[in-house]
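*Asks:* The structure that follows is given in the form of structure tokens.
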Amino acid sequence: MNNVYHIRVKGHLDPSWSNWFNNLQVMCREDGVTDLIGPVADQAALHGLLIKLRDLRLPLLSLHQVESISPDNENGSDSLE
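For the sequence shown, the residue numbers in this note's numbering are 1422 to 1502.
Here it is, written out as structure tokens:
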């Protein structure tokens, strides 16, 4: 089962960084923050993403699991919100 996460960092990342962040959607906001949203395979992959953000010296503002996607339910209606 994949979990979908919403990670918010201070600063702007170009959307072209999506590949480096395991194809998470990268969205810059007008208020100077970037949102990264998408499925993360497991806790090891999540920690890997956080290490990349740390290495870029991007302050972590928030991290939320927004939903779980099971193989039987690819549309993600198992919302945790």
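We put the CB at the ideal spot given by N, CA and C, even for glycine. On a predicted model such as this, the values are computed, not experimentally measured, just so you know.
1. Span of the alpha helix (DSSP H) holding L1457?
2. With distance defined between alpha-carbon atoms, name the residue in W1438, Q1446 and K1431 nearest to P1480.
3. Could you tell me which residues DSSP pairs with M1448 in its beta bridges?
4. Going by C-alpha distance, which of H1427, W1441, D1435 and I1472 is nearest G1453?
5. Measuring CB to CB, does C1449 end up less than 8 angstroms from H1427?
6. Spell out the partners DSSP gives L1481 in its beta bridges.
7. Using only alpha-carbon positions, find the residue among E1451, V1461 and N1424 that is nearest to F1442.
*Replies:* Reading off the structure:
1. If you number the sequence shown from 1, residue 1457 lands on position 36. Where L1457 is concerned, there is no enclosing alpha helix (DSSP H), although the beta strand (DSSP E) it sits in stretches over V1454 to V1461.
2. Position 59 of the sequence shown, counting from 1, holds the residue named residue 1480. Of W1438, Q1446 and K1431, the residue nearest in Cα terms is K1431.
3. The sequence position of residue 1448 within the sequence shown is 27, counting from 1. The partner list for M1448 (beta bridge, DSSP) reads D1456.
4. Here residue 1453 is taken as the residue at index 32 of the sequence shown, counted from 1. Of H1427, W1441, D1435 and I1472, the residue nearest in Cα terms is D1435.
5. Walking along the sequence shown from the start, residue 1449 turns up at place 28. Walking along the sequence shown from the start, residue 1427 turns up at place 6. For C1449 and H1427, no; Cβs fall outside 8 angstroms.
6. Position 60 of the sequence shown, counted from the first residue, corresponds to residue 1481. Paired residues: V1430.
7. Counting from 1 along the sequence shown, the entry for residue 1442 is found at position 21. Looking at the Cα atoms, V1461 is the closest of the given residues.
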